[in-house]
Every structure is written in structure tokens, then in C-alpha cells.
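Protein chains in written order, with my numbering: chain A, 148 to 253; chain B, 148 to 253.
For each residue, glycine too, the CB sits at the ideal point set by N, CA and C.
In what follows, a structure is listed as C-alpha cells, so that the remarks can point back to it.
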DNA sequence: AATTTGGGAAACCGAATAGTTGCATTTATA
DNA sequence: TATAAATGCAACTATTCGGTTTCCCAAATT
């Protein structure tokens, strides 16, 4: 089964879960309270997030606290890096053109 | 049908297509040459990428040149922004701790 | 000890996904 | 003008996905 960060963040519910637990660790029940779907559905999402290492668990008694594994998010950032280079270059080019136009006006 | 950037980049083939056409515009046939699947399969991916505005088309005779709509990629960057803040903060905190330790040594 | 609570796992279901083959359409070429 | 090439679209298929319901187990509470 393919299980990478990109597939994990494709689902809007999972992105919402990520946003929730980014601030503080939460139990599945607490997370599920924020959604209309069942706890089991949330549990499934958590499993997917755990499998691709986007989330880590901390056992405390019978409760499990889930929190974001921020390091894994950098993978998306790393992938984006190559495209960021492109749009920055293009912005620079546009900037150069605008500078030239301004100089001509003066 | 849900059709956003996150769903678009979830598929590895689509990410490969994006990487290909980021450098220069390409026709479906030329793109398909780089994959094992059929031209039609690639065409479907291109349709999805077009629908979510990640890709733009340029008609030239009977050929269609596809190229990356780099602006749309910024949406992912924007989403990532909030998490970048988190990992930069954590890095700063770690940095502060290391600085303190170094000062204590001296 | 009996009951409640927190959470995972399995079985099932409908919809979406990614691929295929086949066909239609438009443009270029012989 | 007949044919080849470039492409999109539709129908079909197997698999995955996201959700539900049901059930089980371990930890807490009474």
C-alpha cells in the first residue's frame, strides 16, 4: 500500500486533523469531537497519518495522545523547493523588467 | 468532484508530470514517452491537472503544449507556511538552548 | 466484581481512482 | 483526396478510499 506524505495530506479531514494536533497533542476522542464523522473514521485517518510518520503517539494510561511530527512536514517543503526556485526566478525577471521600465520613464 | 491541488499532487505520476513540464512546455505524446502507461492515462492526468489549474494548455496546430502554472503551486506553499513557522520556532528554541550551553561552558 | 470509558480492528458498502481499450475528431502530409 | 498523426472522450475494470456498524480488549471507575 502506497503511504506517503502527499497521499496523507490529500484528504481535507486529515489536513484538519494535522492542523488540530499541530498545536497540542490530542486523544482520538478529543479530535473526533471536532468532526461530524465517527471516532472510528478519525481513528482510520490517524492510522494513515501514523503509518507515514506524520504523527506520533504517546501512551498515557488507556489514552493515546497524538501529535504532529513536524519533521515529516519538511518533506513537502523539500519537494516544493524546486518550484519555489522557479517562481522566485520569474519574479526576479519581472522585477528587472519593471525596474527597466521605470528607468526609461525617468 | 473534489479537485484541489493537494489531491492533484497526491499521485506520483502526476508529480512526475509536473516535474517534466516545469522546465518546458510539452505535448501529451512527449510526456507519455516518459512513462510506462498509455498516452490516454497521461491524458487523464493532464485533465485533472488542468481542472485544478495546475497546468495550462497552449494550442499550436494539432498539438497541445502543456506547461506548469507555477502560481498554483504557491497554494501548497501557503498551506505549509503555518507549519514552517512551527519548525522554525522549534529550531530557534533549540538554538537558544545551545547558545546558553555554550555560554555556560565559557 | 461489575460497569463504564478509551481506543483499535474487522467486515462491509458506495464512491472515487487509475488504468485499459476502442472510437471520434481535427490537423498535417503523401 | 486519402492517409497518418495528435489528441480527447467514453465505457469498462480492478483497486483503493472514506465512511459506517459491530465487536473486542484494556484501563479506569463505581
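For residue i, collect the residues of the same chain with a Cβ closer than 6 Å to its Cβ; drop the 5 residues on either side in sequence, then sort them by chain order.
i: residue 179 (chain B); result: 186 and 189
i: residue 158 (chain A); result: none
What does residue i pair with, by DSSP beta-bridge criteria?
i: residue 203 (chain A); result: A:214
Sort the options by Cα distance to residue i and report the nearest one.
i: residue 216 (chain A); options: A:157, A:231, A:167 and A:158; result: A:167
i: residue 173 (chain A); options: A:219, A:232 and A:213; result: A:213
i: residue 160 (chain A); options: A:171, A:205 and A:181; result: A:181
i: residue 237 (chain B); options: A:170, A:165 and A:192; result: A:170
i: residue 192 (chain B); options: B:234, B:235 and B:152; result: B:152
i: residue 229 (chain B); options: A:208, A:230, A:163 and A:175; result: A:163
i: residue 156 (chain A); options: A:223, A:234 and A:233; result: A:223
i: residue 154 (chain B); options: B:184, B:175 and B:198; result: B:198
i: residue 218 (chain B); options: A:218, A:221 and A:227; result: A:227
i: residue 146 (chain B); options: A:184, A:232, A:194 and A:221; result: Outside the modelled stretch of chain B, which goes from 148 to 253, sits residue 146 (chain B), for which no answer is possible.
i: residue 165 (chain A); options: A:150, A:209, A:231 and A:196; result: A:196
i: residue 202 (chain B); options: B:208, B:194 and B:209; result: B:194
Residues in its own chain within less than 7 Å of residue i by CB, not counting five upstream and five downstream?
i: residue 253 (chain A); result: Residue confidence for residue 253 (chain A) is low, a pLDDT of 49 falling below 50, so the modelled location carries little weight and cannot support an answer.
i: residue 177 (chain A); result: none
Can you list, in chain order, the residues of its chain with a C-beta nearer than 8 Å to that of residue i? Leave out the 5 residues immediately preceding and following it.
i: residue 211 (chain B); result: 174, 175, 204 and 205
i: residue 200 (chain B); result: 216 and 219
i: residue 150 (chain A); result: 195, 198 and 199
i: residue 184 (chain B); result: 160
i: residue 207 (chain B); result: none
query: Which residue spans inside the segment 149 to 191 of chain A form an unbroken alpha helix (DSSP H) run of at least 4?
result: 152 to 155, 159 to 170 and 175 to 179
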